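*Asks:* One structure, as structure tokens, below. Some questions next.
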Amino acid sequence: MEMLKVTLKTTSDGALDRHLFKKCVQSNIVLLTQAFRKKFVIPDFQSFTSHIDEIYESAKKLSGGQVADYIPQLAKFSSDLWAVSLCTVDGQRHTVGDTKVPFCLQSCVKPLKYSIAVHDHGTEYVHRFIGKEPSGLRFNKLFLNEDDKPHNPMVNAGAIVCTSLLKVKAFHFPSVMNFMKKLAGNEYVGFSNATFQSERMSGDRNFAIGYYLKEKKCFPEGTDMTAILDLYFQLCSIEVTCESASVMAATLANGGFCPITGERVLNPEAVQNTLSLMHSCGMYDFSGQFAFHVGLPAKSGVAGGILLVVPNVMGIMCWSPPLDKLGNSVRGIQFCTDLVQLCNFHNYDNLRHFAKKLDPRREGGDQRVKSVINLLFAAYTGDVSALRRFALSSMDMEQRDYDSRTALHVAAAEGHAEVVRFLLEACKVNPVPRDRWGNTPMDEAVHFGHHDVVTILQDYHNKYSPQETTDSKETAEKNLDGML
């Protein structure tokens, strides 16, 4: 993609000659091949995004909730703002709504900085200071677990300690910002200084938590608690758009590889731990309900964002400022719930037998199997009308089942003379294909005593030549038109 952008700048009209086209695609040939063969994780992306748009419009009608107002910068956002962006692990993108409006990550940054800490220090070191259990308490409670550690990195106490682990590694704010930009594929990541100043001025509760943590010796030795709180407020004030945040979520969905740049940003250990904690602790006091009904890793923030991860498939950012009484976006919760009711993305959906839900990941082989079944069943029942529809839709009328039997084999065995005539004369299929036992349609007709079918096959075979299979599409369509 970068090569394409650079190359287009060198052309006056945006047109590419053969040389420039080759230069652009050679570094992305695998990606383009996947696109043309529909081998992306969501093969029918256009159909899937139409469902996303419908869910978006349904959630847009909700009018409940209150915009957070504990600092002026949050209160200024309109309650009508509503946006959804998604990015798949293959880099497929879709956005709908106010997706270019910047907003602060707030608590949505907690899983991201935890992933950075684990990436740099490892799980064992990080969890010397922070637990892994849901707290069962409000996110800003002055309360520790029985080991005098914060319950998890998704509550304020755990997030403050996690911030101190970044500082231990000689991280400063620009370094963390650079890491965030890598997670976002170098898309928009900014900073709201006004939000930072307001957070610091109104952060009495977090200062109280900080001093309580210091008293309990929860920080690494030598930690400057006030400097850590400054960094904590700065990280909460990082700005993103729905589009850039969806890439962050997709990087988590893709095992730490950014789907836009292809760069490994996080190691697998960091991603696995982050998603596990998002699943169990990411939605404040609604975490258990969300895990039950939605069954996906997510993290919400008081700015109205919900960072949602469908592992190995996609990342989604929903943003709408009005919050419910637990601090989660009203429209965002509804969107996530409707998504898993439509698609089998819930962690415990049965992918093999739950036929009532849509599986956007299926296509390719599944579609081909369905095509073969429909074709052979129409031949078995003698349904010429169905076969005509298949032929007019450019279906391969010579495709075979697992025994290498074609529709002509089946029609000849069942004695459907009209079907045999249609396949031979209109569709110009090969009259002598052999199945796994070496039998031809003629053998089937003789074996079952269908003499009229034998006659049709013999007459056609006498004038058949293999070159007929290369007839033009126009000739085939003419033959089909004659059968209408």
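Terminal number for the sequence shown in this note's numbering: 622, no gaps in between.
Heads up, the beta-carbon is just placed ideally off N, CA and C, and yes, glycines get one too.
What you are looking at is a predicted structure, and each value in this text was computed from that prediction instead of being measured.
1) Taking the alpha carbon of S330 as the point to measure from, which residue in C225, R526, Q472 and L243 has its own alpha carbon closest?
2) Which residues mark the beginning and the end of the beta strand (DSSP E) in which T226 is found?
3) What's the call for M531, buried or exposed, on a 16-neighbour Cβ count within 10 Å?
4) For Q605, name the three-state secondary structure that DSSP assigns.
5) Looking at A529: is its Cβ nearer than 8 Å to the Cβ of A564?
6) Could you say which of D258, L250 and R343 lies nearest to F281 if we only look at CA atoms?
7) Apart from the five residues just before and just after L390, which ones in its own chain have a Cβ nearer than 7 Å to its Cβ?
8) From C456, P579 and Q230, pick the residue whose C-alpha is nearest to that of C396; which is it?
9) Closer than 7 Å by C-beta to G553: which residues in its own chain qualify, once you throw out the five before and the five after it? Chain order, please.
10) By the DSSP assignment, the beta strand (DSSP E) with S438 in it spans what residues?
11) Please classify G426: does DSSP put it in a helix, a strand, or coil?
12) So, V222 versus Y263, is the Cβ gap smaller than 8 Å?
13) Compute the beta-carbon to beta-carbon distance between M339 and S384, rounded to the nearest angstrom, for a pair I have assumed lies under 8 Å.
14) Would Q472 and A206 be called neighbours here (beta carbons separated by less than 8 Å)?
15) Nearest-angstrom Cα distance between P288 and V299?
16) Alpha carbon to alpha carbon, what distance is there between M421 and P358?
17) DSSP on G637, reduced to helix/strand/coil?
18) So C456 is in the alpha helix (DSSP H); what residue range does that whole segment cover?
19) Check the C-beta distance from D286 over to K352 and give it rounded, since I have them as a contact under 8 Å.
20) Distance, Cα to Cα, N568 vs L562?
21) Report yes or no: do three or more beta-carbon pairs, one from the stretch 185–192 and one from the stretch 430–450, lie closer than 8 Å?
22) Rounded to whole angstroms, what's the CA-CA distance from S201 to F483? Just pull it up for me.
23) Helix, strand or coil: which one does DSSP assign to P460?
24) What are the start and end residues of the alpha helix (DSSP H) that includes H259?
25) Going by C-alpha to C-alpha distance, which of E556, F560, R559 and L546 sits closest to D581?
26) Helix, strand or coil: which one does DSSP assign to L445?
*Replies:* On the basis of the coordinates in this document:
1) Residue 330 sits at position 192 when you count from the first residue of the sequence shown. Nearest option by C-alpha distance: L243.
2) The residue labelled residue 226 in the question sits at position 88 within the sequence shown. Taken as a continuous stretch (DSSP letters only), the beta strand (DSSP E) holding T226 covers A221 to T226.
3) Here the question's residue 531 lines up with position 393 in the sequence shown. Per the sequence presented here, residue 531 reads as Ser, with Met not at that position. Under this definition S531 is an exposed residue.
4) The sequence position of residue 605 within the sequence shown is 467, counting from 1. Only weak support is given to the placement of Q605: the predicted model assigns it a pLDDT of 49, under 50, and the value that follows is read from those uncertain coordinates. Three-state result, Q605: helix.
5) Locating residue 529 in the sequence shown gives position 391, counting from the first residue. Locating residue 564 in the sequence shown gives position 426, counting from the first residue. Cβ distance < 8 Å, so A529 and A564 count as in contact.
6) In the sequence shown, counting from the first residue as 1, residue 281 sits at position 143. Nearest option by C-alpha distance: R343.
7) Position 252 of the sequence shown, counted from the first residue, corresponds to residue 390. Within the same chain, L390 has close Cβ partners V409, T412, L413, V447 and G453.
8) The count along the sequence shown starts at 1 and reaches residue 396 at position 258. Ranking C456, P579 and Q230 by Cα distance to C396 puts Q230 first.
9) The sequence position of residue 553 within the sequence shown is 415, counting from 1. Here the set comprises F586, H588 and V591.
10) In the sequence shown, the residue the question calls residue 438 occupies position 300. Where S438 is concerned, the enclosing beta strand (DSSP E) stretches over A436 to S438.
11) Here residue 426 refers to the residue found at position 288 of the sequence shown. In the displayed model, G426 falls within a helix according to three-state DSSP.
12) Residue mapping note: residue 222 aligns to position 84 of the sequence shown, counting from 1. Residue mapping note: residue 263 aligns to position 125 of the sequence shown, counting from 1. In this structure, Y263 does not lie closer than 8 Å to V222 by Cβ.
13) As a position in the sequence shown, residue 339 is number 201, starting the count at 1. As a position in the sequence shown, residue 384 is number 246, starting the count at 1. Contact doesn't hold; Cβ gap of about 31 Å is too wide.
14) Start at 1 with the first residue of the sequence shown, and residue 472 comes out as number 334. Start at 1 with the first residue of the sequence shown, and residue 206 comes out as number 68. Not a contact, by the Cβ cut-off of 8 Å.
15) On the sequence shown, residue 288 is found 150 positions in, with the first residue counted as 1. On the sequence shown, residue 299 is found 161 positions in, with the first residue counted as 1. CA-to-CA, the gap between P288 and V299 works out to about 8 Å.
16) As a first step, residue 358 is located in the sequence shown; it is residue number 220 there, counting from the start. As a first step, residue 421 is located in the sequence shown; it is residue number 283 there, counting from the start. Going by the C-alpha atoms only, they are around 27 Å apart.
17) Past the boundaries of the shown model lies residue 637; the chain is included only from 139 to 622, so the question cannot be answered.
18) Your numbering for residue 456 matches position 318 in the sequence shown. First-last for C456: M452 to W457, but that is the beta strand (DSSP E), not the alpha helix (DSSP H).
19) Position 148 of the sequence shown, counted from the first residue, corresponds to residue 286. Position 214 of the sequence shown, counted from the first residue, corresponds to residue 352. At roughly 12 Å, the Cβ-Cβ gap does not stay under 8 Å, so D286 and K352 are not in contact.
20) The count along the sequence shown starts at 1 and reaches residue 568 at position 430. The count along the sequence shown starts at 1 and reaches residue 562 at position 424. Going from the Cα of N568 to the Cα of L562 covers about 8 Å.
21) No contact exists between the stretch 185–192 and the stretch 430–450.
22) Position 63 of the sequence shown, counted from the first residue, corresponds to residue 201. Position 345 of the sequence shown, counted from the first residue, corresponds to residue 483. Each residue's alpha carbon lies about 27 Å from the other.
23) Walking along the sequence shown from the start, residue 460 turns up at place 322. In the structure shown, P460 sits in a strand (DSSP, three-state: E or B).
24) Stepping through the sequence shown from its first residue, residue 259 is reached at position 121. Per DSSP, H259 belongs to the alpha helix (DSSP H) from K248 to H259.
25) Mapped onto the sequence shown, residue 581 falls at position 443. Taking only the C-alpha atoms, the option nearest D581 is L546.
26) For this step, residue 445 is matched to residue 307 along the sequence shown. Three-state result, L445: strand.
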